[in-house]
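The sequence shown begins at 1 in our numbering and counts up by one.
Presented below is the structure to which this report refers.
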Amino acid sequence: MRWLALLLIASASLGHADDWTPLLDAELSKWEVHTGVPHKTVVVPGATEPSTSEDGTTGEPIGLGDPLGIFSVTELDGEPVLNITGQVYAGLTSLEEYSDYHLSLEYRWGDKKWPPRLKQKRDSGLLLHCTGGHGSFWNVWMSCLECQVQEGDTGDFIPLAGPYAEVRCREPEGPGRPVYDPNGTLYQGAGYTSHGPSDEAPHGEWNTVEVYTIGNRLVFVVNGTPNMALLNAGYRGKPLTGGKLQIQSEAAEIQYRRVKIRPLAEFPPELAELVETPAEGAVAYPKFD
Numbered sequence: 001m002r003w004l005a006l007l008l009i010a011s012a013s014l015g016h017a018d019d020w021t022p023l024l025d026a027e028l029s030k031w032e033v034h035t036g037v038p039h040k041t042v043v044v045p046g047a048t049e050p051s052t053s054e055d056g057t058t059g060e061p062i063g064l065g066d067p068l069g070i071f072s073v074t075e076l077d078g079e080p081v082l083n084i085t086g087q088v089y090a091g092l093t094s095l096e097e098y099s100d101y102h103l104s105l106e107y108r109w110g111d112k113k114w115p116p117r118l119k120q121k122r123d124s125g126l127l128l129h130c131t132g133g134h135g136s137f138w139n140v141w142m143s144c145l146e147c148q149v150q151e152g153d154t155g156d157f158i159p160l161a162g163p164y165a166e167v168r169c170r171e172p173e174g175p176g177r178p179v180y181d182p183n184g185t186l187y188q189g190a191g192y193t194s195h196g197p198s199d200e201a202p203h204g205e206w207n208t209v210e211v212y213t214i215g216n217r218l219v220f221v222v223n224g225t226p227n228m229a230l231l232n233a234g235y236r237g238k239p240l241t242g243g244k245l246q247i248q249s250e251a252a253e254i255q256y257r258r259v260k261i262r263p264l265a266e267f268p269p270e271l272a273e274l275v276e277t278p279a280e281g282a283v284a285y286p287k288f289d
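So this is what it looks like as structure tokens:
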């Protein structure tokens, strides 16, 4: 609760409520859809041949467009809500590119799951600083820095298709991924890194995710708790300082609301210390067992 209070105070000092730009409307006018490879169980309207993909990643993607109605908007208590069926891997991609911003959204899980993830955790994701063309990863998503949205794992960092960043983390106590730790060692070229301590709401209740980013530094905040910080993000040898946004459809039903963005001139003091580069710099990312 202390973190949440500090964040609310810091946010208030950086701008007013009317600084926010809402990103959702009934027509999804600020977005386009790129639909990936249908699983073999999916019947696509108008398709001349059925898909034979076992994993939903290999094969021919549908491409731009949403013939299955994966993304739609309804109204709840007078507010637009983004509904994602999850039936096929797909990305809702912003038409604009963004940098130096504070992004905020809320999400909650539905019940439906789809192949090939019927027995896995419900999964989605918020893709940041997206660059290049559609389909760079699994024939659907762009090269990006992912803030994972997954049951129990929201705030994990996953670099998709080329980008990289430095992350402070500690070695896992047993088999598994390294874990973000604001007091840990700063590693170069970090791979999939599990988030630090944070709490998620019970199934069916709303969670809040915020991203603060200036240049090639980013902080993820889940339900008021900072649980991941990225430093010196890059792509192909150059700083990665902005790009498009993508929201994933990934075989699970999910809703998003209150998706909004505003300019960010400086990190709140409580977050700024998380993205400071130590004098000794970063060390090479090890291979964890």
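Glycine included, C-beta positions come from ideal geometry on N, C-alpha and C.
This one's a predicted model, so the numbers in the text were calculated from it and none came from an experiment.
{"Item": "On the CB-based measure, 16 or more other CB atoms within 10 Å of its CB, does Gly125 come out buried or exposed?", "Value": "buried"}
{"Item": "Along the chain, where does the alpha helix (DSSP H) containing Ala272 start, and where does it finish?", "Value": "Pro269 to Ala272"}
{"Item": "Which same chain residues, not among the five before or five after Glu205, have their C-beta less than 8 Å away from its C-beta?", "Value": "Arg108"}
{"Item": "Spatial neighbours of Trp20 within its chain, please: C-beta separation below 6 Å, excluding the five flanking residues on both sides.", "Value": "Lys260 and Arg262"}
{"Item": "Are the beta-carbon atoms belonging to Tyr212 and Thr193 less than 8 Å from one another?", "Value": "no"}
{"Item": "Around the Cβ of Ala47, are there at least 16 other Cβ atoms within 10 angstroms (buried) or fewer (exposed)?", "Value": "exposed"}
{"Item": "On a Cα-Cα basis, can you pick out the residue from His195, Leu240 and Ser249 that is closest to Met370?", "Value": "Only positions 1 to 289 of the chain appear in the structure, and residue 370 is not among them; the question remains open."}
{"Item": "Let me know the beta strand (DSSP E) ranges lying completely inside the region 212-238, each 3 residues or longer, listed in chain order.", "Value": "217-222 and 225-235"}
{"Item": "What are the boundary residues of the beta strand (DSSP E) that Asn83 is part of?", "Value": "Glu79 to Ile84"}
{"Item": "Below 6 Å CB to CB, which residues in the same chain sit around Val221 once its five sequence neighbours on both sides are set aside?", "Value": "Glu210"}
{"Item": "My understanding is that Pro163 touches Cys144, with C-beta atoms under 8 Å, so please give their C-beta distance in whole angstroms.", "Value": "6 Å"}
{"Item": "For a test of the three-state rule: what should DSSP assign to Asp181, helix, strand or coil?", "Value": "coil"}
{"Item": "Pick helix, strand or coil for Asp19, following the three-state DSSP scheme.", "Value": "helix"}
{"Item": "Excluding the 5 residues preceding and the 5 following Pro67 in the sequence, name in chain order all residues of the same chain whose CB lies nearer than 8 Å to its CB.", "Value": "Thr35, Val44, Pro45 and Gly46"}
{"Item": "Do Gln248 and Leu127 count as a contact pair if the criterion is CB distance below 8 Å?", "Value": "yes"}
{"Item": "Please go through the same chain and pick out, in chain order, the residues whose beta-carbon is closer than 7 Å to the beta-carbon of Gly132, but skip the five residues on each side of it.", "Value": "Met142 and Ser143"}
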